[in-house]
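Only one structure is covered here, and it is reproduced in the block below.
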Amino acid sequence: GQQVMQIPQYQHVQEGEDFTTYCNSSTTLSNIQWYKQRPGGHPVFLIQLVKSGEVKKQKRLTFQFGEAKKNSSLHITATQTTDVGTYFCAGGTSYGKLTFGQGTILTVHP
Amino acid sequence: DTEVTQTPKHLVMGMTNKKSLKCEQHMGHRAMYWYKQKAKKPPELMFVYSYEKLSINESVPSRFSPECPNSSLLNLHLHALQPEDSALYLCASSQDRRAYEQYFGPGTRLTVT
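Residue numbers (my numbering), protein chains in the order written: chain A, 5 to 114; chain B, 7 to 119.
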């Protein structure tokens with residue numbers, strides 16, 4: 005079945021440093037979604053990418069979808085302590101099934 | 007209102023008990039989902055309901071029984087669970103099941119003793 009690999013598993017940064025997490029799917033995706041889960045919380049939707057080569061920005065966050073629609077990345081510029089949490093990518097199919105990557109746990113040291 | 011609510015927040019049950027988890031949304035969404043999440047792991051899809059009909063069952067053991075009484079409600083009936091079933095159970099909804107963002111509830115933290 006579909007597998008979504010995500011790296012790194014953990015990332016520790018100093019506040020102000022940049023952060024990037026990468027996702028790779030074993031199959032071509034219909035779309036890719038990104039979620040953030042704060043410690044003790046639940047996943048919260050960040051963004052969805054649908055088109056090949058798509059790039060979207062949300063303030064300090066930049067999301068990319070690869071040309072082959074099999075990989076994606078999330079880049080955070082100048083991290084803040086409020087960015088702490090686990091970032092999940094999730095590969096979507098046209099019939100609604102999301103396959104989550106393993107997640108990247110981000111720690112930001114002030 | 008973009009909220010998905012789940013009750014109870016916490017549940018402790020013995021292996022012979024029967025209990026139910028409840029989920030509710032009032033966003034007019036027509037797809038609802040159950041996920042299981044273990045600590046430091048991603049959510050794992052269990053069931054998908056689309057227009058109140060079960061459309062995906064990810065080979066979940068029969069001790070988990072989903073039910074969708076109407077378009078706003080989703081239940082998960084639990085019976086004869088095992089300790090390894092202890093996890094955070096998340097409900098989610100989306101506009102419909104076709105590639106739309108999912109809104110997650112806060113989850114029910116289940117402990118099976």
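Where a beta carbon is used, it is the ideal one built from N, C-alpha and C, also for glycine.
Item to check | is_contact[H46 of chain A, chain B] using C-beta, thresh 9 Å | outcome: yes
Next item on the list: Under 8 Å by Cβ, that's how I've got R36 of chain B and G100 of chain A pegged, so tell me the actual separation to the nearest angstrom.
Entry: R36 of chain B to G100 of chain A, Cβ: 11 Å. No contact.
Q108 of chain B at chain A interface by Cβ criterion, 9 Å
yes
Margin query: Taking its Cβ as the centre, do 16 or more other Cβ atoms sit within 10 Å of N63 of chain B, making it buried, or is it exposed?
Written below: exposed
Check whether K74 of chain A and T32 of chain A have beta carbons under 9 Å apart:
yes
- Message: I need the boundaries of the beta strand (DSSP E) containing Y91 of chain A, first residue and last residue.
- Response: G89 to G96
T24 of chain A beta carbon near the ligand MG (any heavy atom closer than 8 Å): With respect to small molecules bound, the structure shown includes none, and the ligand MG cannot be examined in it.
*asked:* Give me the chain B residues within the contact set of S34 of chain A, using Cβ-Cβ distance strictly less than 8 Å, ordered along the chain.
replied: A105
- Whole-angstrom distance between G34 of chain B and P75 of chain B, CA atom to CA atom: 15 Å
I want to see whether chain A comes within less than 9 Å of S4 of chain B, judged by CB atoms only; does it? Outside the shown range of chain B (7 to 119) lies residue 4 of chain B, about which nothing can therefore be said.
Opposing strand residues paired with S68 of chain B [DSSP bridges]: According to DSSP, S68 of chain B bridges with nothing at all.
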